[in-house]
Structure formats: C-alpha cells, structure tokens
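Notes follow the structure.
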Amino acid sequence: MVDKAVAVLASLATTLEGRTAIGQEGGIPLLVEVVELGSARGKANATAALLQLCTNSSRFCIMVLQEGAVPPLVALSRSGTQRAKERYIPLLPGFLSFLYHLLSLTPKIYIYLS
Numbered sequence: 011m012v013d014k015a016v017a018v019l020a021s022l023a024t025t026l027e028g029r030t031a032i033g034q035e036g037g038i039p040l041l042v043e044v045v046e047l048g049s050a051r052g053k054a055n056a057t058a059a060l061l062q063l064c065t066n067s068s069r070f071c072i073m074v075l076q077e078g079a080v081p082p083l084v085a086l087s088r089s090g091t092q093r094a095k096e097r098y099i100p101l102l103p104g105f106l107s108f109l110y111h112l113l114s115l116t117p118k119i120y121i122y123l124s
C-alpha cells in the first residue's frame with residue numbers, strides 16, 4: 011500500500027499544485043522516510059518526488075535538507091537496485107549538488123523567505 015501511495019505522490023510532484031500540496035501537507039518527511047526505509051520501488055518513487063520538489067522550489071528543497079534526506083540518498087546511490095540505479099541514480103549527483111549549493115546559500119534564503 012505504501013508503494014502505491016508514494017507512486018501517487020511521485021506523479022503529483024510533477025505538477026505545481028501537487029508539489030504545493032505535498033510541501034504544505036507534510037509529505038516531505040514521509041518521502042524522506044521512504045527513501046530511508048522503504049522498498050526498492052518506494053525508494054525510487056520517493057527519490058523522483060523529492061527531485062521534483064527540489065528542482066522546482068528552493069523552499070521545499072530546504073525542507074528536504076532539514077528532514078535529513080542527503081544521507082539516505084547517498085546510501086541509495088551506493089546500494090540501490092539495478093533498476094533504481096539505471097532510472098534514478100544518474101539524477102542523484104545533480105540532485106545532491108543542487109542540495110549542497112542550496113545548503114551553502116541557506117542563510118541568505120532564510121532572509122528572503124522571512
């Protein structure tokens with residue numbers, strides 16, 4: 011059941027309304043938890059959703075960082091299934107680089123968001 015719910019969230023994350031709903035209704039901690047503890051399919055879909063959230067909103071990307079997404083994403087890049095590596099791992103270096111860049115700008119971003 012969790013895998014199906016995360017697949018729906020990954021689909022919703024491709025739209026502005028979906029990303030807004032995920033970010034505002036507490037979906038980010040859930041997605042990070044699935045990347046850390048979920049099934050292979052759940053991890054792949056959660057990673058795709060987080061990528062959509064981060065590439066389209068610095069505010070949501072900061073929330074992803076605050077939820078501790080980087081360690082499980084790095085772990086996934088090292089030990090994910092072959093399918094996950096083929097589909098999502100090529101995205102992770104750019105994703106992690108983007109997260110790192112935002113982390114270096116975080117104090118400035120907080121000033122703009124306040």
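Oh and the sequence shown: position 66 is 76 in this note's numbering, straight run, nothing missing. Glycine included, each C-beta is placed from N, C-alpha and C at the ideal position.
- Rounded to the nearest angstrom, the gap between the Cα atoms of residue 43 and residue 64 is 16 Å.
- For the 8 Å CB-CB criterion, residue 75 and residue 45 do not form a contact.
- For residue 67, the secondary structure class from DSSP, reduced to helix, strand or coil, is coil.
- Counting every other CB atom within 10 Å of its CB across the protein chains shown gives residue 88 a total below 16, marking it as exposed.
- For the 8 Å CB-CB criterion, residue 60 and residue 41 form a contact.
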